[in-house]
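Visitor: So the sequence shown is numbered by our numbering: it starts at 2 and just counts up by one.
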Amino acid sequence: MEHLARIMDSHLVYQYPDIFEKDITSRKDGDWLRVAIAKPRKPKTNKQLGYYYAVVLPVIHSAMLDKGWEIEDVPVCIEQADHYLKAKCGNKKNKESMSLEEASAFIANCIKHGDIYFGCSIPLPQEMEKS
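#1: From the DSSP output, read off the bridge partner residues of residue 12.
#2: Contact between the segment 57-73 and the segment 29-45 is defined here as three or more beta-carbon pairs at a separation below 8 Å; is this criterion met?
#3: I believe residue 45 touches residue 104 by the beta-carbon criterion, under 8 Å. Please report the beta-carbon distance rounded to the nearest angstrom.
#4: May I ask which residues mark the beginning and end of the alpha helix (DSSP H) holding residue 59?
#5: How is residue 152 classed by DSSP in three states: helix, strand or coil?
#6: When the Cα of residue 42 is compared with those of 5, 62, 116, which residue comes out closest?
#7: State the CB to CB distance for the pair residue 65 and residue 82, rounded to an integer number of angstroms; the pair is presumed to be in contact (CB under 8 Å).
#8: With H, G and I counted as helix, E and B as strand and the rest as coil, what does DSSP make of residue 3?
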């Protein structure tokens, strides 16, 4: 189990001290535990996922259909296009568990892949906000 804590006056103050205490007291003397100290990662944003699902994925899916992509004589569906992009653009995780940086890199890779392999011109978020 993972517990979040903040350093206050050189001591750890747990987000949920009761749960932490229960977890620790359920262990036996001599048990080994893995303790990792790291800053929590910034999670990806809803804006990033919205841009991926509303702009990037539909544009690439449409280009796949224009190029005649099929699986067993059936045009690829948007879910298959999503799986394809996950495999080709470096997203080894579930999109829901990606960090802000991982989501940014994944989306950038998708845009680059769409341009190189499908000739897609996908507007960047900044370009969309201007219009």
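In this text, a Cβ means the ideal position worked out from N, Cα and C, and glycines have one as well.
Guide: Reading from the atomic positions:
#1: For the purposes of this step, residue 12 is identified with residue 11 of the sequence shown, where counting begins at 1. Per DSSP, the beta-bridge partners of residue 12 are 9.
#2: Cβ pair count under 8 Å is below three, so no.
#3: Sequence index remark: in the sequence shown, residue 45 carries index 44 (1-based). Sequence index remark: in the sequence shown, residue 104 carries index 103 (1-based). Contact flag correct, Cβ pair sits at about 4 Å.
#4: In the sequence shown, counting from the first residue as 1, residue 59 sits at position 58. Under the DSSP assignment, residue 59 falls in the alpha helix (DSSP H) whose first and last residues are 58-67.
#5: Here the chain has residues from 2 to 132 only, and residue 152 is not among them.
#6: Counted from its first residue, the sequence shown places residue 42 at position 41. Selected option, being the one with the closest Cα: 5.
#7: Taking the first residue of the sequence shown as position 1, residue 65 is located at position 64. Taking the first residue of the sequence shown as position 1, residue 82 is located at position 81. A Cβ-Cβ separation of about 6 Å places residue 65 in contact with residue 82 under the 8 Å criterion.
#8: Residue mapping note: residue 3 aligns to position 2 of the sequence shown, counting from 1. Judged by DSSP in its simplified three-state form, residue 3 adopts coil rather than helix or strand.
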